[in-house]
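Residue numbers (the working numbering): 316 to 1336. For each residue, glycine too, the CB sits at the ideal point set by N, CA and C. Nothing here was measured: the structure is a model prediction, and the numbers come from that model. Scroll down for the structure; my scribbles are underneath it.
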């Protein structure tokens, strides 16, 4: 170490050159580093979506869900399988361990699904495997509307309005989405809402019976006519030409001219037996923005893209599109980059402000600007080296990595403070500036290296904790590790060079230190005389802190206010979209009247194919997203909405918008869920009816509900086979007629340059059951009503069926009440389990799983950190007892942690638990320096008590300086100012409280324990 310090002092120009090079590389790294809210997590889950159109959930479960689950359950790494069967499709979700290679798992799942072969029904579509990652949600939501008065847009019943929305959707897909997808950083733009075009073929039953045609014949002849085939190659001279045989439909007129039969020798065209016209497909969902129907565009970023830069480019392109395309309006509904920018800017400001406050403290203590310069340079230079390490280690600038820098900025100066203060002390003793710089640095090099290694020993395990917590805090831990290593390097190389430039001799008289030193020495002497009382009081304080800690509230993660509210709407099962739209419009109108509500986005009914695969929803449910003024609290507006009059038949839930971090930790639609399982699903359903009233009475729970509606009304149509036989109608024919009358029968598709438009055969519309039964179809004895051949019976169908662990379950959802404790909410669910009837089993899941996983990870990390710190200290001091003295500062820190969490109203959550682990590496630093100096003085022959008093006198100033700078460096984060600050606030408060109490108690308790251990050692010897 002496050789390194000596080389730096002899080569100041070289040190300066290397420092300037580091600053230049750091500037390049800062520009290149991606910016995101969270680290790249690669959430280990896959979803298998299998569409089975218009098939009820019971058949979907038997024919699709059970078979898909059986095929994929054996894939390596799967830890949980859940399946959901609903009208029209099956969704199977696979969750893997965090160490699973998801790319390999994806290939394995697809391989297993390919082996299903013909096991799935012919009508079911091919299963689609997709990644399921809450952190991949769209970075922007855009609303595309016509730039016309609202009453024009609302003409939903007018035919021209249908075509306007079709044209608008075509514009969104062909122009807007394509332009945005060309931007760097934008992976995909999905368009939802509006109408899908189709070619309607309105069949005339009378003409069909006149010419002896059936629906199946027309369908077959349309498919046969709509073909494009390769014609091979032809030779012409020395050249060869490819030939394409094309009979594909390109416009509705081609469809109308298709020959579907003959009347004698006269060909019959489709136009002779049907009306062919452009139309729109029946929709079961819609999107509105501020009361006007609109299209919703979901912008997704590329995996390695900078979210802030991508959003900025999208906004610039939107302005260009509005200028180029007249008559439309493009509104940014949600921009995730705004919260990211505000959160990142807040943490960056905390880093800068913390650094400035730390330097102000140093100026107050040292009162010599040239000496202060040595420490002031250490901060930016250490940060520069850290940014270079970020670039090398592929770490993004996110909320957690920057919070690691904010945490490290207070500790960055610690090593420089110790070196500078020791050099200044030697200057006070008469050393020359160069000798003081060399000897002062070498004297403390071992101590600051040990303290740095102990801190790294704490943060190192954090980077390798299993599960989501480890993935989240990896960047934060590495940020602190890199910054501390950089600060150690700077303190041993650059700081001595700058400190040696101060050639003014004389004593430093720190402001107020003399008065403080006198009183501290008196207190220390009194404590050393009454060692038993000091130990007793310390133990009582620890016991009191433990009792208070047990009563602290618990939650997974503190909530960050995104200034958005989500209102879930659920109408009675079977409610059609127009009725749901009318009820939702009432709420939208009332919400827009609130001064704090700026915009309302309504997403009602079933989601179309753009979003159906990962988030299926029945047509009688919807979501309102309220965008709020930045100056109001979301909880306040939520209370106003809950007090508003709502349509009586509508179930309304007002929820605060969750951040990506909260969505990751508490996966699912609610904070907690209760799965009920029995041999028969009916028994579990009955148990759910019994448990629901009990849970709704629990004060710690709100929004208690079933995960899905229990039943939806429907009709079962049974064939009257004797009547069918009498009139010559077979089952296949009748099924075709029913399909054409009820929802239309897709025969083939019309291909254009940019889209595929289905061609749908329809009978005269039958919106109601009675009208459907009255629809006449051709038979051997003329036109007869469908009702003659079928009997309609009302039935109740399950709305959705859920399976977990390949067994049917009934799931109940609940949220933790505002201000309630997560543990109390879980206890409420546990009490409900005790009341279950025999044969029904229950499982609790949700946020408690994430909390327990985080607690388990924090506990293992804490134990490993303590072990590593103990081993490092044992190696440094060549003793097994002195490290125990130093590690006793950790329980001393918990006293301050509990008090500060209680006084500030914070909870025990993953951030505060992480702060507790971090404290292990921070609070021992002061004790290390103190014990090291006591050992040095004793080695020089000084008596025990005199050595302790001398160490206290010499080390008081650097201990206070390092503590105050670290506390002030974290103070901006602890104040919780700015967007996203609430996520980091518990971490900062925990460290400030623990470090403050540990420092104050270390000055007294550690010397007392040292005396007790030293006396025990002497007696042993």
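Cβ-based burial, residue i [other Cβ within 10 Å; buried from 16]
i: residue 430; result: exposed
i: residue 334; result: buried
i: residue 591; result: buried
i: residue 343; result: exposed
i: residue 483; result: buried
i: residue 368; result: exposed
i: residue 497; result: exposed
i: residue 737; result: buried
i: residue 1069; result: exposed
i: residue 619; result: exposed
i: residue 471; result: Note that residue 471 scores a pLDDT of 39, beneath 50, so its modelled location is shaky and nothing firm can be said.
i: residue 865; result: exposed
i: residue 363; result: buried
i: residue 1085; result: exposed
i: residue 635; result: exposed
i: residue 329; result: exposed
i: residue 554; result: exposed
i: residue 886; result: buried
i: residue 1121; result: exposed
i: residue 1147; result: buried
i: residue 566; result: exposed
i: residue 572; result: exposed
Proximity below 7 Å, CB of residue i to CB of residue j
i: residue 880; j: residue 899; result: no
i: residue 654; j: residue 943; result: no
i: residue 646; j: residue 458; result: yes
i: residue 760; j: residue 1191; result: no
i: residue 649; j: residue 456; result: yes
i: residue 1130; j: residue 1018; result: yes
i: residue 1002; j: residue 1152; result: yes
i: residue 1016; j: residue 1010; result: yes
i: residue 379; j: residue 439; result: yes
i: residue 1063; j: residue 537; result: yes
i: residue 442; j: residue 365; result: yes
i: residue 558; j: residue 576; result: no
One or two residues paired with residue i in a DSSP bridge
i: residue 1341; result: A question about residue 1341 goes unanswered here, because the residues of the chain that appear run from 316 up to 1336.
i: residue 584; result: 574
i: residue 1030; result: 1109
i: residue 364; result: 406 and 443
i: residue 1091; result: 1100
As assigned by DSSP and simplified to three states, the class of residue i
i: residue 1159; result: strand
i: residue 1130; result: strand
i: residue 913; result: strand
i: residue 432; result: helix
i: residue 604; result: strand
i: residue 511; result: coil
i: residue 556; result: strand
i: residue 990; result: strand
i: residue 870; result: coil
i: residue 1069; result: coil
i: residue 550; result: strand
i: residue 918; result: strand
i: residue 1097; result: strand
i: residue 461; result: strand
i: residue 1018; result: strand
i: residue 1123; result: strand
Any non-hydrogen atom of the ligand ATP within 6 Å of residue i CB
i: residue 645; result: In terms of ligand content, the structure shown is empty, and the ligand ATP therefore cannot be addressed.
Counting Cβ pairs, one atom from each stretch, are 3 or more of them under 8 Å apart for the segment 1094-1101 and the segment 1040-1049? yes
Stretch-stretch touch, CB-based, cutoff 8 Å, three pairs: the segment 1121-1136 with the segment 989-1005: yes
Counting pairs of beta carbons, one from the segment 937-945 and one from the segment 908-922, are three or more of them closer than 8 Å? yes
So does the segment 1277-1285 actually touch the segment 1173-1187, counting three or more Cβ pairs closer than 8 Å? no
I want to know whether the segment 965-973 touches the segment 1100-1120 - three or more CB-CB distances under 8 Å. no
Taking 8 Å as the cut-off, does the segment 1257-1272 touch the segment 1179-1198 (at least 3 CB pairs, one atom from each stretch)? no
Contact between the segment 600-614 and the segment 504-522 is defined here as three or more beta-carbon pairs at a separation below 8 Å; is this criterion met? yes
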